[in-house]
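S.K.: Sending over a structure as structure tokens; questions will come in a sec.
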Amino acid sequence: PGPPPPAAVSTQPQQHTPVGATGTDTDTTQADVSPPPTRVTVVSVTDETPTVKVLRFRVDAARAEAGVAGPGLGITDQLKFKPGQWVDFFAPGVDKPGGFSIASSPGQLEREGTFDLAVKRSKSNRCGQWIHAARAGDVAHVRVGGKFFASAEDLAGPLLLVAGGIGISPLYAVLRTLLDRSDTHAPAHATTPSSNGGGGAGGHETARRPLQAVLLYSGRTLGEHAMAASLREVVAASRGAVRCVFHVTAPDASSAAGGAATSPMANGGIDGGGGGDGGGGGADGDTSVYYGRVDGPVLKRAIVELEAAAAAATCGGSAPPPTPPAVTAFLCGPPAMSDAMEAALLDQGLPQSSVRLERWW
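Per this note's numbering, numbering through the sequence shown is continuous, rising by one, with the last residue being 372.
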């Protein structure tokens with residue numbers, strides 16, 4: 012199993028297809044400096060949606076192969092990545108690697124020795140086809156690449172994440188990493204009185220955290236939002252630090268759902284109160300559904316609330332400082348959507364340096 016060296020262990024720039032898209036994007040950062048690819052084994056395969064599979068891979072640190080990392084190296088010595096980065100994926104029997112964004116945090120790799128890829132079915136991407144046919148125990152090789160990632164500095168400030176379709180992969184990794192950071196979690200003993208006497212012994216519940224990240228996730232239907240259950244878990248675990256709005260863009264989706272689901276966004280803010288499917292991801296409706304596209308007014312409201320929350324946290328709830336902490340936006344989705352979101356965010360006053368996007372080609 013595995014690619015025959017040296018052809019598949021090339022140091023030349025590889026064609027990158029971010030997050031399971033069908034196009035290609037040449038990345039030149041790997042030329043002449045690339046490490047050899049790392050052997051990985053499929054641990055599990057999950058049918059996330061009718062067109063998306065999530066595969067968990069274990070980094071194999073026990074075997075040595077010619078030109079491939081092997082014994083004597085720890086898992087994180089063989090494979091290191093930052094949240095948002097992708098891998099060149101070398102599938103057995105496929106002459107060219109594919110590129111897929113990592114859909115898990117570096118913390119998962121450190122704790123469990125595993126990482127996840129969420130891949131959409133493709134008729135033209137042979138690596139994607141291999142992944143969709145893969146089973147537990149199958150072996151492949153990967154190599155990390157890409158300049159799209161969230162730094163430690165980014166993760167310390169307010170984050171606006173905008174995803175389209177399978178573009179959720181790198182942004183989900185960012186959110187998971189945010190949870191892994193110790194300052195995202197309140198101490199275990201931090202509690203607040205519960206208004207209804209629930210939330211644990213003595214009528215207390217775990218304290219909510221200041222808002223730090225808003226995810227606006229666009230898909231044609233609710234069924235096309237990959238990793239929705241995992242996102243709800245992230246929102247719930249964040250205790251107010253993360254909010255998620257599932258945007259549904261199909262023209263007839265709202266009527267098909269009986270007109271039942273609109274987000275608090277429709278009423279002018281990303282605030283408490285569950286929209287649509289009842290929230291489900293947080294105690295105060297931190298997960299909601301909005302029937303409509305992500306647009307300028309939606310982005311503006313998210314930015315305003317993130318800046319206000321960051322300013323309040325900085326000054327302990329007193330009058331906000333003259334200059335609120337800056338919001339950093341991460342975008343990943345189809346080209347037309349990413350371009351439109353970038354333009355809209357720049358129109359809202361965010362500097363170009365604060366708008367990061369993974370372009371599909």
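Even for Gly, the Cβ is constructed at its ideal location relative to N, Cα and C.
1. If distances are taken between C-alpha atoms only, which option among ALA102, GLU123 and GLY148 comes closest to SER55?
2. Per DSSP, which residues does VAL105 bridge with? Please list them.
3. In angstroms with no decimal places, state the Cα-to-Cα distance between SER11 and GLY303.
4. Take PRO170 as the anchor and find which of ARG137, SER112, LEU342 and ALA347 has the nearest alpha-carbon.
5. Would you kindly report the start and end of the unbroken alpha helix (DSSP H) that includes ASP358?
6. Does the Cβ of THR60 have 16 or more other Cβ atoms within 10 Å, making it buried, or fewer, making it exposed?
7. Who are the near neighbours of ASP191 in its chain, counting only those whose CB is closer than 6 angstroms to its CB and skipping five residues on each side?
8. Does the Cβ-Cβ distance between VAL153 and LYS91 come in under 8 angstroms?
9. Could you tell me whether the Cβ atoms of HIS258 and VAL305 are closer together than 8 angstroms?
10. Following the continuous alpha helix (DSSP H) through ALA184, name the residue where it begins and the one where it ends.
11. Counting only the same chain and skipping the five closest in sequence on each side, list residues whose C-beta sits under 6 angstroms from that of THR52.
12. Would a C-beta distance cut-off of 8 angstroms place THR125 and ARG220 closer than the cut-off?
13. Using the C-alpha atoms, what's the distance from ARG50 back to TYR301?
14. On the criterion of 16 or more Cβ atoms from any shown chain inside 10 Å, does GLY230 qualify as buried, or is it exposed?
15. Which runs of the beta strand (DSSP E), 3 residues or longer, sit entirely within the stretch 136-165?
16. Using three-state DSSP, classify GLY280 as helix, strand or coil.
17. From THR339 to ALA322, what does the alpha carbon distance come to, in whole angstroms?
18. Kindly indicate which three-state DSSP category GLN41 falls into: helix, strand or coil?
19. Could you give the first and the last residue of the continuous beta strand (DSSP E) run that contains LYS64?
20. Use the C-beta contact count for LYS93: other C-beta atoms within 10 angstroms, 16 or more gives buried, fewer gives exposed.
21. For ALA73, count neighbouring C-beta atoms within 10 Å of its own C-beta (all shown protein chains included) and say buried if the count is 16 or more, exposed if not.
22. Under 8 angstroms by Cβ, that's how I've got PRO336 and GLY168 pegged, so tell me the actual separation to the nearest angstrom.
23. Where does PRO47 land, buried or exposed, given buried means 16+ other C-beta within 10 angstroms?
24. Using a 10 Å radius around the Cβ and a threshold of 16 neighbouring Cβ atoms, would you call THR57 buried or exposed?
25. DSSP on SER55, reduced to helix/strand/coil?
26. For ALA163, count the other beta carbons within 10 Å of its own beta carbon; 16 or more makes it buried, fewer makes it exposed. Which is it?
27. So TYR228 and ALA261 are in contact, right, with Cβ under 8 angstroms, and what is the actual spacing, rounded?
28. Can you tell me the Cα-Cα spacing of LEU166 and ALA320, whole angstroms?
29. If you reduce the DSSP assignment to three classes, tell me which class ARG219 lands in.
30. Classify ASP297: buried if its beta carbon has 16 or more other beta carbons within 10 angstroms, exposed otherwise.
31. Cα-Cα, which of GLN89, MET352 and CYS138 is closest to GLU121?
32. Closest by CA to ARG187, which one among ILE177, ILE113 and TRP141?
M.R.: According to the structure shown:
1. Mapped onto the sequence shown, residue 55 falls at position 44. Looking at the Cα atoms, GLY148 is the closest of the given residues.
2. Numbered from 1 along the sequence shown, position 94 holds the residue referred to as residue 105. Beta-bridge annotation (DSSP): VAL105 is not paired with any residue.
3. With the chain running from 12 to 372 in the structure shown, residue 11 is simply not present.
4. Position 159 of the sequence shown holds residue 170. Reading off the sequence, residue 170 comes out as Leu, not Pro. Closest option to LEU170, Cα to Cα, is LEU342.
5. Position 347 of the sequence shown, counted from the first residue, corresponds to residue 358. 346-358 is the extent of the alpha helix (DSSP H) around ASP358.
6. Within the sequence shown, residue 60 is the residue found at index 49, counting from 1. Counting of Cβ neighbours within 10 angstroms places THR60 among the buried residues, the total reaching 16 or more.
7. Indexing the sequence shown from 1 puts residue 191 at position 180. Answer for ASP191: SER116 and GLY118, listed in chain order.
8. Here residue 153 refers to the residue found at position 142 of the sequence shown. Here residue 91 refers to the residue found at position 80 of the sequence shown. No, Cβ-Cβ distance for VAL153 and LYS91 is not below 8 angstroms.
9. Counted from its first residue, the sequence shown places residue 258 at position 247. Counted from its first residue, the sequence shown places residue 305 at position 294. Closer than 8 angstroms, so yes.
10. Here residue 184 is taken as the residue at index 173 of the sequence shown, counted from 1. 179-191 is the extent of the alpha helix (DSSP H) around ALA184.
11. Translated into the one-based positions of the sequence shown, residue 52 becomes position 41. The residues are ARG69, ASP71 and VAL150.
12. In the sequence shown, residue 125 corresponds to position 114, counting from 1. In the sequence shown, residue 220 corresponds to position 209, counting from 1. Not a contact, by the Cβ cut-off of 8 angstroms.
13. Counting from 1 along the sequence shown, the entry for residue 301 is found at position 290. Counting from 1 along the sequence shown, the entry for residue 50 is found at position 39. Pairing TYR301 with ARG50, the inter-Cα distance amounts to about 42 angstroms.
14. Position 219 of the sequence shown holds residue 230. So GLY230 counts as buried.
15. Counting only runs of at least 3 residues, the stretch 136-165 fully encloses the following beta strand (DSSP E) elements, listed from N- to C-terminal order: 150-156.
16. Taking the sequence shown and counting its residues from 1, the one referred to as residue 280 is at position 269. Here GLY280 scores only 36 on pLDDT, less than 50, and its place in the model is too uncertain to base an answer on.
17. Reading the sequence shown from its first residue, position 328 is the one you call residue 339. Reading the sequence shown from its first residue, position 311 is the one you call residue 322. Taking the straight line joining both Cα atoms gives about 14 angstroms.
18. Residue mapping note: residue 41 aligns to position 30 of the sequence shown, counting from 1. Annotation note: pLDDT 42 at GLN41 (below 50); position unreliable, no value reported.
19. As a working mapping, residue 64 is identified with position 53 in the sequence shown. First-last of the beta strand (DSSP E) with LYS64: 63-70.
20. Stepping through the sequence shown from its first residue, residue 93 is reached at position 82. With 16 or more other Cβ atoms within 10 Å, it is buried.
21. Locating residue 73 in the sequence shown gives position 62, counting from the first residue. Confidence at ALA73 is low in this model, with a pLDDT of 46, below 50, so the placement of that residue should be treated as unreliable; the coordinate-derived value is given next. Exposed: under 16 other Cβ atoms inside 10 Å.
22. Position 325 of the sequence shown, counting from 1, holds the residue named residue 336. Position 157 of the sequence shown, counting from 1, holds the residue named residue 168. Going by Cβ atoms, the distance from PRO336 to GLY168 rounds to 5 angstroms, so yes, they are a contact pair.
23. Mapped onto the sequence shown, residue 47 falls at position 36. Buried, because 16 or more other Cβ atoms sit within 10 Å of the Cβ of PRO47.
24. Within the sequence shown, residue 57 is the residue found at index 46, counting from 1. Exposed, because fewer than 16 other Cβ atoms sit within 10 Å of the Cβ of THR57.
25. Here the question's residue 55 lines up with position 44 in the sequence shown. Residue state, collapsed to three classes: strand.
26. Along the sequence shown, one-based indexing puts residue 163 at 152. Of the residues assessed, ALA163 falls on the exposed side of the cut-off, its CB having fewer than 16 other CB atoms within 10 angstroms.
27. If you number the sequence shown from 1, residue 228 lands on position 217. If you number the sequence shown from 1, residue 261 lands on position 250. Between TYR228 and ALA261 the beta-carbon gap is near 14 angstroms, outside 8 angstroms, which marks them as no contact.
28. Position 155 of the sequence shown, counting from 1, holds the residue named residue 166. Position 309 of the sequence shown, counting from 1, holds the residue named residue 320. Cα to Cα, LEU166 sits roughly 15 angstroms from ALA320.
29. The residue you call residue 219 lines up with position 208 of the sequence shown. ARG219 falls in the coil class under three-state DSSP.
30. If you number the sequence shown from 1, residue 297 lands on position 286. The C-beta of ASP297 has 16 or more other C-beta atoms within 10 Å across all chains shown, which makes the residue buried.
31. On the sequence shown, residue 121 is found 110 positions in, with the first residue counted as 1. Here the closest residue by C-alpha is GLN89.
32. Residue 187 sits at position 176 when you count from the first residue of the sequence shown. Closest option to ARG187, Cα to Cα, is ILE113.
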